[in-house]
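**Q** Numbering (my numbering), first residue to last: 987 to 1314. Every residue gets a Cβ at the ideal spot worked out from N, C-alpha and C, and that includes glycine.
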Amino acid sequence: MTTDHTPTSRRSAWLPPMLVHLRILWCALVAAALLVTAGCGTSSHAATADNGKPTVLTTFTITADMARNVAGNHLNVVSIAKPGAEIHDYEPTASDIVRASKADLILDNGLGLERWFERFVANAKAPRVTLSADVTPISISEGEYAGKPNPHAWMSPKNGRLYVDAIVTAFRALDPAHADDYTRNGAAYQRRIQAVSDSLNDSLGTLPEAQRTLVSCEGAFSYLARDEGLHEAYIWPVNAESEGTPQQIAKVVDTVRRQRVPTVFCESTVNGKAMRQAAQETGAAFRQDEDHLLYVDSLSAKHGPVPTYLDLLRHDATAIIDGLTRGR
């Protein structure tokens, strides 16, 4: 998937007519959404659904799953992005804007993941909580975003537990009547995350040093690589400025050859064309079926391979181990 990561201040001077038209259309959607909202009332309590429960709006499916594990039956938790959606450059719809205007609480990832978020919540009345606030960020090392934080902090189970802490605190403030339940649910969920983390340590720890280079399309595994002692290589640092420049592909090809990497990977929400080229040039294995894709920015549908955050961590670990221990 080709996306544009040029900052807004640099884009505005050269936007082609079609993109100008799309920007005008988005503004019209905002205006239409606000008219609908005005007709329905703007109180944050308007977010409560017919079941009388407050509504929590998250930006993408992974944090929605985390939030549901903490919420139990006390809250309605809704994700803006749908399963399989690319989150970095998501384009909110008019209905999304209406939902935000009615939410009782909005949860975002932060660390620059949701580049569309500020304009999206500009007219929302609900409190906002950034789940990565207590994460120690890893900086992107190259490209246009060099020096900025890598946003994929949830790929570390250790950071996932910090996200849960933030969710518990936010829910206790939103709904004090059920504060103890949120604390208990959060603690139980953190124990499950820790169990998955222990399993990842055991399984990924079996990889010999010569087989610990993880090559993927996007640099989305920096936190997991840090935790598990893996070496990370990728085509682009953030999804996805292009389908891969010749220089980016050449760098990966060199790494795969030097490190004799048996398998290369791509994420479920990005275009694998560039990685396919790198695999063809090096003889490394590269498969894009759902068992071998890596999942990062989105969960799958309910009956897919990664319907929950814990499933995502397990799936990716299994795919990585199988790929890196493959004989050449």
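1) Can you tell me whether Ser1254 is helix, strand or coil according to DSSP?
2) Taking only the alpha-carbon atoms, compute the straight-line gap between Leu1011 and Tyr1281 and give it to the nearest angstrom.
3) Apart from the five residues on each side of it in sequence, which residues of its chain come closer than 8 angstroms, Cβ to Cβ, to Pro1135?
4) Threshold first: 4 residues or longer. Then list the alpha helix (DSSP H) segments lying entirely within the segment 1196-1266, N to C.
5) Pull up the distance between the alpha-carbon of Ala1108 and that of Val1224, whole angstroms please.
6) Quick check: what's the CA-CA separation for Pro993 versus Glu1100?
7) How should Gly1230 be labelled, buried or exposed, when 16 other C-beta atoms within 10 angstroms of its C-beta is the threshold for buried?
8) Taking the alpha helix (DSSP H) that Asn1095 belongs to, which residues open and close that run?
9) Whose C-beta lies closer than 7 angstroms to the C-beta of Arg1114 among residues of the same chain, with five residues either side of it excluded?
10) Count the other CB atoms, across all protein chains shown, that sit within 10 Å of the CB of Gly1258; report buried if there are 16 or more and exposed otherwise.
11) Could you pull out every unbroken alpha helix (DSSP H) segment of at least 4 residues lying fully inside the segment 1086-1140, listed in chain order?
12) Taking the alpha carbon of Ile1179 as the reference point, which residue from Ile1153, Val1242, Met1052 has its own alpha carbon closest?
13) Buried or exposed: Gln1176, going by 16 or more other Cβ atoms within 10 Å of its Cβ?
14) Return the residue from the list Met1261, Glu1218, Trp1222 that minimises the CA-CA distance to Glu1130.
15) Give me the Cα-Cα distance between Pro1291 and Gly1070, rounded to the nearest whole angstrom.
16) Just how far apart, CA to CA, sit His1138 and Ala1152?
17) Which residues mark the beginning and the end of the alpha helix (DSSP H) in which Ser1189 is found?
18) Looking at C-alpha atoms only, which residue of Leu1298, Asp1275, His1278 is the closest neighbour of Ser1286?
19) Shortest alpha-carbon distance to Arg1105 belongs to which of Pro1078, Glu1128, Thr1116?
20) Count the other CB atoms, across all protein chains shown, that sit within 10 Å of the CB of Glu1253; report buried if there are 16 or more and exposed otherwise.
21) I'd like to know whether the C-beta atoms of Asn1059 and Val1150 end up nearer to each other than 9 angstroms.
22) Do you know offhand how far Ser1284's Cα is from Ala1163's?
23) Using DSSP with H/G/I as helix, E/B as strand and the rest coil, what is Leu1043?
24) Going by C-alpha distance, which of Ala1219, Leu1186, Arg1243 is nearest Thr1199?
25) Quick check on the DSSP output: the beta strand (DSSP E) that includes Asn1062 runs from which residue to which?
26) What would DSSP say about Leu1280, mapped onto helix, strand or coil?
27) What's the C-alpha gap between Asp1317 and Val1084?
28) Kindly indicate which residue of Phe1251, Thr1169, Val1182 has the alpha-carbon position closest to the one of Ala1270.
29) Report the three-state DSSP secondary structure of Ala1271 (helix, strand or coil).
30) Can you tell me which of the three DSSP states Asp1161 falls into?
31) Are Val1201 and Gly1172 touching if we call contact CB-CB under 9 angstroms?
32) What does a CB cutoff of less than 6 angstroms around Val1063 pick up in its chain, not counting 5 residues either side in sequence?
33) For Asp1166 and Ser1087, I'd like the C-alpha separation in whole angstroms.
34) Would Leu1160 and Leu1061 qualify as a contact pair, given that the criterion is a beta-carbon distance under 9 angstroms?
35) Which residue's Cα is closest to the Cα of Lys1068: Ser1142, His1217, Gln1245, Pro1293?
**A** Walking through what the data contain:
1) coil
2) Reliability fails at Leu1011, whose pLDDT of 46 lies under 50, so the model's placement of it is uncertain and the value that follows must be treated cautiously. In a straight line, the C-alpha of Leu1011 is about 32 angstroms away from that of Tyr1281.
3) Leu1097, Gly1098, Pro1123, Ile1124, Ser1125, Ile1126
4) 1208-1214, 1232-1245
5) When rounded, the distance between both Cα atoms is 25 angstroms.
6) The pLDDT assigned to Pro993 is 36, lower than 50, so where the model puts this residue is not dependable; a value taken from the coordinates is nonetheless given after this. The alpha-carbon of Pro993 is positioned some 13 angstroms away from that of Glu1100.
7) buried
8) Counted as a single uninterrupted DSSP element, the stretch harbouring Asn1095 is not any alpha helix (DSSP H), since DSSP gives it neither H nor E.
9) Ile1092, Asp1094, Val1107
10) buried
11) Fully enclosed alpha helix (DSSP H) runs of 4 or longer: 1103-1106.
12) Met1052
13) Counting C-beta atoms within 10 angstroms of its own C-beta, Gln1176 has 16 or more neighbours from the protein chains shown and is therefore classed as buried.
14) Trp1222
15) Rounded to the nearest whole angstrom, the C-alpha separation of Pro1291 and Gly1070 is 12 angstroms.
16) 16 angstroms
17) 1165-1190
18) Leu1298
19) Taking only the C-alpha atoms, the option nearest Arg1105 is Pro1078.
20) buried
21) Taking 9 angstroms as the Cβ cut-off, Asn1059 and Val1150 do not qualify as a contacting pair.
22) A direct Cα-to-Cα measurement between Ser1284 and Ala1163 gives close to 32 angstroms.
23) Reduced to three states, the DSSP call for Leu1043 is strand.
24) Ala1219
25) 1062-1065
26) strand
27) Nothing can be reported for residue 1317: it is not among the residues displayed for the chain, which extend from 987 to 1314.
28) Phe1251
29) Residue state, collapsed to three classes: strand.
30) coil
31) no
32) The residues are Val1042, Ala1050, Ala1053, Arg1054, Ala1057.
33) Cα-Cα distance, rounded: 28 angstroms.
34) Their beta carbons are under 9 angstroms apart, which means Leu1160 touches Leu1061 by this criterion.
35) Pro1293
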